[in-house]
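Read through the structure below, which is laid out as structure tokens, and then see the notes.
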Amino acid sequence: MIKLLFFLMSFVFLVGCSDKKSSNNGVAFQPNPVVLEELNVTTLATDSEMPSFELPDMNGQLVSSDDFKGSEVLVIAFISNHCPTSQAYEDRLINFTKDYSDKGVKVVAINPNSSLALLPEECGYSDLDDTFETMLIRHEHKGYNFPYLYDGDNHAASLKFGPVSTPHIFVFDAERVLRYNGRLDGVERPGSANAEDLRLAVDQILAGNEIANPVTSAFGCSVKWSWMADWADNINKNWDTRPVEITQIDELGVRELMKNDSDKLRLINVWASWCAPCIIEMPDLVMLQRYYGSRAFELITISADYLDKESEALNVLKKNGASMQNFIFSDDDKQNLTSAIDSEWRGSIPYSVLIEPGGNILYKREGVIDNLTIKRMIVDHQLLGRYY
């Protein structure tokens, strides 16, 4: 019996630890972004030797510059999850990697951004922020065919290269001398170009020729250096000082909300101050408003509390900085609330429904929303989109 108990405990321990990210020495990698003193960052000059680097990839495995010694050309691409310009070039970078894989060309992507310096409002064109944990999600979702390395702790590699934006491309020859840095091509919108500047530079290197235009402008989102964290903190604090209010609404008012006569996607969430799952998911709902609220999206909450509990409901909203449209249902008969929203809804909360202009329901869920699913439905809708 003791042996069996020991075996079961060992099995549970192994299973519980199996999904942790591990570095090459067997120790689980844990991101630890820190704030650095502001530095003067300069972009690596043409003909410079490539700086060495060792960074964790999206799985936590350490990847070194020495791992690519055999390649004729090494392309270092600084990219990010949140940036619309970076996302606009993802497929072009994937296609380039595929087209040049049999020519001795290797591609490595690095995310230089500190999560401490990135605001939710800067993620309005994405489903993801730039934390280490979200990099694997993007890698798998887009099918990256190149390593995606994390440099958000202390910018150990990024400070050596000096990217000015994401994306920013650095191309090194077989001797690891910088021959080109800048953009992939001159047209941001997908479908209009095919990384012509990058392809030309690599073709010229492979042919043994000089690069005709070794430096181009790297247009995109600014790198989120960690010393920008104070700026982000101040804006986050300002959000928390915004007024939070709650207004009574009746059945007719709810039915009008469901018609959605606006020009925005509308997410309605029904909750209550006594509902633990409702309170647990409230921060994620507020984050949706911060992500997409400046675009064609609005979040509206409806409290199912009785009116004599209005102050309790308002306190929950205030604690979460829920400065959007908030209502409390004014009728004691909650069936009037459920029937006004969805005749098939039996009344369990939280309940969320995503509505297009004109009233078409895109998504509805009893229980806590799937945060990633709803983000993708919002940002990939034709009213928003991931690119400019």
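Taking my numbering, the leading residue of the sequence shown gets 21, the next gets one more, and so forth. All C-beta atoms, glycine included, are put in the ideal place defined by N, C-alpha and C.
| Check | Outcome |
| --- | --- |
| Run through DSSP, which three-state label would P104 get? | helix |
| Locate the alpha helix (DSSP H) running through N356, then write down its first and last residues. | 355 to 361 |
| Over the uninterrupted alpha helix (DSSP H) stretch that includes G273, give me the two end residues. | 271 to 279 |
| In angstroms with no decimal places, state the Cα-to-Cα distance between S121 and A194. | 15 Å |
| Quick one: what does DSSP say K41 is sitting in, helix, strand or coil? | Only weak support is given to the placement of K41: the predicted model assigns it a pLDDT of 46, under 50, and the value that follows is read from those uncertain coordinates. Three-state result, K41: coil. |
| Since L404 and A316 should fall inside the 8 Å C-beta cutoff, what is the C-beta to C-beta distance between them, to a whole number of angstroms? | 6 Å |
| Taking buried to mean at least 16 other C-beta atoms within 10 Å of its own C-beta, is Y311 buried or exposed? | buried |
| Can you give me the Cβ contacts of S242 inside the same chain, cut-off strictly under 8 Å, excluding the 5 residues immediately before and after it? | V184, S185 |
| Is it the case that the Cβ atoms of M348 and V274 are separated by a distance below 8 Å? | In the sequence as presented, Met is not what sits at residue 348; that position holds Ile. No. |
| Thinking C-beta only, is K284 closer than 8 Å to N377? | Reading the sequence as shown, one finds Pro at residue 377 and not Asn. Yes, these two residues count as a Cβ contact at 8 Å. |
| Just list the alpha helix (DSSP H) runs in the stretch 208 to 287, keeping only unbroken ones of 4 residues or longer that don't cross its boundaries, in chain order. | 216 to 226, 249 to 260, 271 to 279 |
| Run through DSSP, which three-state label would L403 get? | coil |
| State the DSSP-derived secondary structure class of N391, mapped to helix, strand or coil. | helix |
| Thinking C-alpha only, which one of I225, R209, S237, T151 is nearest R203? | S237 |
| Compare the C-alpha of N289 against each of S282, D281, D304 and name the closest. | D304 |
| May I have the straight-line CA-CA distance separating S30 from N340, to the nearest angstrom? | Bear in mind that a pLDDT of 45 at S30, under 50, signals an unreliable position, so the model cannot answer this. |
| Could you work out which residue in S282, I114, R286, K257 is closest to E160 when comparing CA atoms only? | I114 |
| If you draw a straight line from the alpha carbon of Y407 to that of K279, how long is it in whole angstroms? | 28 Å |
| For F33, is the classification buried or exposed, using 16 other Cβ atoms within 10 angstroms of its Cβ as the cut-off for buried? | Any answer about F33 is weak, because its pLDDT of 41 lies below 50 and its placement is not dependable; what the coordinates show is given next. By the neighbour-count rule (16 or more Cβ atoms within 10 Å), F33 is not buried but exposed. |
| My guess is that P167 and V128 are in contact by the Cβ rule of under 8 Å, so how many angstroms apart are they, rounded? | 5 Å |
| Applying the 10 Å Cβ sphere with the 16-neighbour rule, what's the burial state of I300? | exposed |
| Quick check on W251: buried or exposed, where buried means 16 or more other Cβ atoms within 10 Å of its Cβ? | exposed |
| Can you name, in chain order, every residue of its own chain whose Cβ lies under 7 Å from the Cβ of E265, other than the five neighbours on each side? | N346 |
| Would you mind giving the Cβ-Cβ distance between L56 and H175, rounded to the nearest angstrom? I have them listed as a contact below 8 Å. | 7 Å |
| With a threshold of 6 Å on Cβ separation, who are the neighbours of F73 within its own chain once the five nearest residues in sequence on each side are excluded? | S85, A177 |
| Going by alpha carbons, who is nearest to N52 out of P140, V95, G172? | G172 |
| Bridge partners of S185, per DSSP? | S242 |
| With a threshold of 7 Å on Cβ separation, who are the neighbours of D260 within its own chain once the five nearest residues in sequence on each side are excluded? | G341 |
| According to DSSP, what are the bridge partners of S323? | W291, I348 |
| Name the one or two DSSP bridge partners that F192 has. | L94, L198 |
| How big is the Cα-Cα spacing for K41 and D328? | The predicted position of K41 is uncertain, since its pLDDT is 46 and thus under 50; a value taken from the coordinates is nonetheless stated next. The straight-line gap from Cα to Cα measures roughly 49 Å. |
| May I ask you to list the residues that DSSP assigns as paired with E384? | As written in the sequence, residue 384 is Lys, which differs from the Glu given in the question. DSSP output for K384 lists V373 as bridge partner(s). |
| Comparing C-alpha positions only, which one of R219, I225, F239 sits nearest to R209? | F239 |
| Whole angstroms are fine: how far does the CA of L136 sit from the CA of M248? | 8 Å |
| Please identify the residue among E142, L179, A97, D119 whose C-alpha is closest to the C-alpha of P71. | L179 |
| Are there three or more Cβ pairs, one per stretch, closer than 8 Å when the stretch 97 to 110 is compared with the stretch 56 to 68? | no |
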